[in-house]
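Visitor:
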Amino acid sequence: GLDVIRRLCDEAHALLKPGGHLVMEFGAGQHEAIGTLLLERSYTNVTWVRDLAGYVRVVSACKALP
C-alpha cells in the first residue's frame with residue numbers, strides 16, 4: 002500500500018525547507034494516488050519520470066515557497 006509513502010511525504014514536508022525537493026521511487030501503477038497525496042500536502046512542481054519499460058516510477062516534488 003501507500004502507508005510508507007504517506008509517512009515519507011508527511012515527514013519530508015516537515016523537514017524540508019521551502020523550495021526543497023522530495024524525490025522517490027515507487028511501484029508501477031501508484032503514481033495517481035501519490036500525486037494526490039503530494040498535492041494534498043501542498044507540494045508543487047510535481048514531475049514524473051518513466052522507467053525503460055515506460056512505467057511512471059519516480060517523482061520529484063517541491064515544498065511550496067511561503
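Using our numbering, the letters of the sequence shown correspond one by one to residues 2 to 67. For every residue, glycine included, the Cβ atom is placed at its ideal position computed from N, Cα and C. Since this is a predicted model, take the numbers as computed values, not measurements.
Taking the alpha carbon of residue 3 as the reference point, which residue from 23, 30, 19 and 15 has its own alpha carbon closest?
Guide: 30
Visitor: Can you look up residue 16 in the DSSP assignment and give me helix, strand or coil?
Guide: helix
Visitor: On the premise that residue 50 lies in contact with residue 58, defined as a C-beta separation below 8 Å, what is that separation, rounded to the nearest angstrom?
Guide: 7 Å
Visitor: Considering Cα atoms alone, identify which of 38, 46 and 54 is closest to residue 63.
Guide: 46
Visitor: My assumption, with CB atoms under 8 Å, is that residue 23 sits in contact with residue 13. Please give the rounded CB distance.
Guide: About 5 Å separates the two Cβ atoms, so the contact holds.
Visitor: Whole angstroms is fine: what's the gap from residue 40's alpha carbon to residue 28's?
Guide: 19 Å
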